[in-house]
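Okay, structure first, notes after.
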Amino acid sequence: MKKEIPTLPFNSSQGIIMLAASIYSVALSFIVQEYVSSPAVNSLVNNISVAVSVAFALAIGSFVDQHGAWRILFFTTLLSGIACLLPPLIFDLDKVAFIGVLIVVDIVISIISEFDNAARTVYIVRKENREAIPLVHSRGSAR
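Just so we're aligned: 116 in UniProt numbering is position 116 of the sequence shown, and the numbers increase by one with no gaps anywhere.
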């Protein structure tokens, strides 16, 4: 039988990545809307990260297969944690630089999220037996 996945680090790393992604997507949406007051520009800025992550998603799967899924999960969690700590450091910038930094960090977080999702799927399949795969995500709530 395969070794059981430790649920606390596994679920907490996913929580960190979701927190980082939501911080930047919500902040970016509100700040661009406040400074620009144009729904079209706001939509364009918010969809930039989606387009970049879709473009990267094509190559991320093969990258995860070539490198260790656990190593990629470690680095994506580390980078997302750093990104969660960035907002207080960028508040002193002017409007244009602030929006630019938010856009860049939002793009980076969306790419990190794509890496994390691919590595998490590979890691689950390699560590759990086929019958337990649908139950992996509900283990934290079942205990």
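The C-beta atom is built at its ideal place from N, Cα and C for all residues, glycine as well.
Looking at Leu79, His67, Asp94, the one whose alpha-carbon comes closest to that of Ile17 is Leu79. In the three-state reduction of the DSSP assignment, Leu89 falls in the helix class, which pools H, G and I. In the displayed model, Gly81 falls within a helix according to three-state DSSP. An exposed status is given to Asp92, since fewer than 16 other beta-carbon atoms sit within 10 Å of its beta-carbon. In the structure shown, Ser29 falls within a helical segment according to DSSP collapsed to helix, strand and coil. Note on Ile82: under 16 other CB atoms within 10 angstroms of its CB, so exposed under the neighbour-count rule. Around Thr77, the same chain offers Ser13, Ile16 as residues with beta carbons nearer than 6 Å, after the five sequence neighbours per side are excluded. Residue burial annotation: Ala55 is exposed, with fewer than 16 other C-beta atoms found within 10 angstroms of its C-beta.
In the DSSP assignment, Asp106 falls within the unbroken alpha helix (DSSP H) covering 95-127. Sixteen is the threshold: since fewer than 16 other Cβ atoms of the shown chains lie within 10 Å of the Cβ of Arg126, the residue is exposed. Judged by beta-carbon spacing, Tyr24 lies beyond the 7 Å limit of Val96, meaning their Cβ atoms are not closer than that value. In terms of Cβ geometry, Ala119 and Ile72 form a close pair [threshold 7 Å].
One thing to note: Val101 has its Cβ no nearer than 7 Å to the Cβ of Ile109. Just measuring C-alpha positions, the residue of Ser22, Gly68, Asp94 sitting nearest Ser49 is Ser22.
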